[in-house]
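Start counting at 1 in the sequence shown, then tack on 43, and there's your number in this note's numbering.
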Amino acid sequence: MLRGQYHGHPYGELNLVVPLDKGAELKGLQGWQGPGWTAPDPGSRHHPEVRGGAVIALFYLPAGRISYDFAAPS
């Protein structure tokens, strides 16, 4: 599993998940996601995580907003 930097979405986020390896998934706020879309809510926070292989994830950040101004929960 690969885990990225903890961050938040002041205005939400839209993600297109394109697995390059069979069974590869991106963790969304509602659980693990294979091919398709995820949409974290405005104000949501998380570590981006991938498991099961390589994924291309295209992110749309409304107004280009992303925040790293807080500590991850322990």
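Every residue gets a Cβ at the ideal spot worked out from N, C-alpha and C, and that includes glycine.
Assigned secondary structure, residue i (DSSP; H/G/I helix, E/B strand, else coil)
i, result
"G51", "strand"
"P62", "strand"
"G71", "strand"
"A115", "coil"
"A82", "coil"
Residue environment, residue i, which counts as buried when at least 16 other CB atoms sit within 10 Å
i, result
"P78", "exposed"
"P62", "buried"
"P116", "exposed"
"G66", "exposed"
Bridge partners - residue i, DSSP secondary structure assignment
i, result
"R94", "E68"
"R88", "G51"
"I99", "V61"
"R46", "E92"
Of the residues the options, the one placed nearest residue i, counting alpha carbons only
i, options, result
"L101", "A82, P85, P91, V60", "V60"
"E68", "G96, P116, G86, P105", "G96"
"H90", "Y103, F113, G107", "F113"
"H52", "M44, R46, L72, D64", "L72"
Proximal residues to residue i (C-beta, below 7 Å), its chain only, five neighbours per side dropped
i, result
"Y111", "Q48, H50"
"L57", "W80, A82, Y103"
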